[in-house]
Amino acid sequence: MIIYPAPPPISVKMSSGKVKASQLWNKNKDELTKQLGELKTELGQLRIQKIASSGSKLNKMCVYHSNPRSRSGAESGRRDRQEEEASEDPRKKEGRRADRHDIRKSIARVLTVINAKQRAQLRLFYKNKKYAPLDLRAKQTRAIRRRLSAADAALVTEKAKKRTVHFPQRKFAVKVSRIRYQP
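So for the sequence shown, the UniProt record's numbering puts the first residue at 1; every next one is plus one.
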């Protein structure tokens with residue numbers, strides 16, 4: 001059985017891992033796009049590293065004799081040791097998986113901040129315009145969107161205005177006489 005050595009891991013300068021959204025809000029668009037590019041290249045390098053460290057299929061293939069009695073005990077033990085050496089430490093694998101997870105989440109955070117900043121700029125641009133894009137309008141419910149605006153709902157007809165002016169709500173006062181209570 002021939003076991004080929006796994007290629008050496010690619011040395012990559014890794015970032016600190018997680019990116020905090022609070023730090024992203026203070027950056028401008030150019031800095032955010034630059035950071036996004038760095039994170040994407042880093043994720044690509046981690047994926048390459050994953051493939052490179054897993055080794056080729058030849059590493060995983062073992063040639064066994066068809067007749068188990070033809071092998072000596074020494075050969076059998078040697079094969080077991082070589083297989084153990086070829087298998088990787090699961091903790092390292094878990095750590096790299098966590099790194100890839102953190103970087104993917106960081107990319108999502110950066111994209112979210114970029115998108116939110118763009119939408120805020122668009123909201124400012126369309127603030128005093130007559131029409132705004134549908135995705136920038138208030139979602140609410142269908143019934144609320146079809147409801148009259150406050151200004152339209154407050155409008156009163158001429159006849160109703162005259163009626164309120166000429167026939168206002170009457171105000172009555174109750175006169176209370178003071179009677180002393182003597183026990």
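Quick reminder that beta carbons are idealized off the backbone N, C-alpha and C, glycines included.
It should be emphasised that the depicted structure is a prediction, and the values quoted were computed from it without experimental measurement.
query: Does the stretch 111-131 come close enough to the stretch 26-40 to have 3 or more Cβ pairs within less than 8 Å?
result: yes
message: Using only CA atoms, which one of H101, S106 and R100 lies nearest to L36?
response: Position 36 of the sequence shown holds residue 36. Distance from the Cα of L36 is smallest, within the candidate group H101, S106 and R100, for S106.
field: Distance between R170 and I179 (C-alpha atoms, nearest Å)
entry: By 1-based counting over the sequence shown, the position of residue 179 is 179. By 1-based counting over the sequence shown, the position of residue 170 is 170. So the two alpha carbons sit approximately 29 Å from each other.
task: Under 8 Å by Cβ, that's how I've got I103 and L24 pegged, so tell me the actual separation to the nearest angstrom.
output: Indexing the sequence shown from 1 puts residue 103 at position 103. Indexing the sequence shown from 1 puts residue 24 at position 24. I103 to L24, Cβ: 15 Å. No contact.
query: The alpha helix (DSSP H) with D152 in it runs from where to where?
result: If you number the sequence shown from 1, residue 152 lands on position 152. Unbroken alpha helix (DSSP H) run through D152: A150 to A154.
- request: Measure how close the beta-carbons of L122 and L136 come, nearest whole angstrom, since I'm counting them as under 8 Å.
  value: Start at 1 with the first residue of the sequence shown, and residue 122 comes out as number 122. Start at 1 with the first residue of the sequence shown, and residue 136 comes out as number 136. Yes, L122 and L136 are in contact; Cβ-Cβ is about 6 Å, under 8 Å.
query: Mind checking whether residue 193 and V19 have CB atoms under 8 Å apart?
result: Only positions 1 to 183 of the chain appear in this structure, which leaves residue 193 out of reach.
Contact with chain B by R104, beta-carbon distance below 8 Å: Absent here is chain B; the protein component of the structure consists of one chain.
query: Applying the criterion that 16 or more other CB atoms from any shown protein chain within 10 Å of the CB defines a buried residue, is V12 buried or exposed?
result: Position 12 of the sequence shown, counting from 1, holds the residue named residue 12. Confidence is the limiting factor: at V12 the pLDDT is only 46, short of 50, which leaves the residue's position unreliable, though a coordinate-based value still follows. Exposed is the call here.
- prompt: Distance, Cα to Cα, residue 191 vs R147?
  reply: Lying before the first or after the last residue shown, residue 191 is absent from the chain, which here runs from 1 to 183.
- request: Determine the extent of the alpha helix (DSSP H) in which L43 is found, giving its start and end residues.
  value: For the purposes of this step, residue 43 is taken as the residue at position 43 of the sequence shown. That run of the alpha helix (DSSP H) goes K29 to S54.
task: Let me know the secondary structure DSSP gives A21 once reduced to three states.
output: For this step, residue 21 is matched to residue 21 along the sequence shown. Three-state result, A21: helix.
- prompt: What residue range is occupied by the uninterrupted alpha helix (DSSP H) comprising A143?
  reply: Residue numbering aside, residue 143 sits at position 143 when the sequence shown is read from its first letter. Residues R142 to R146.
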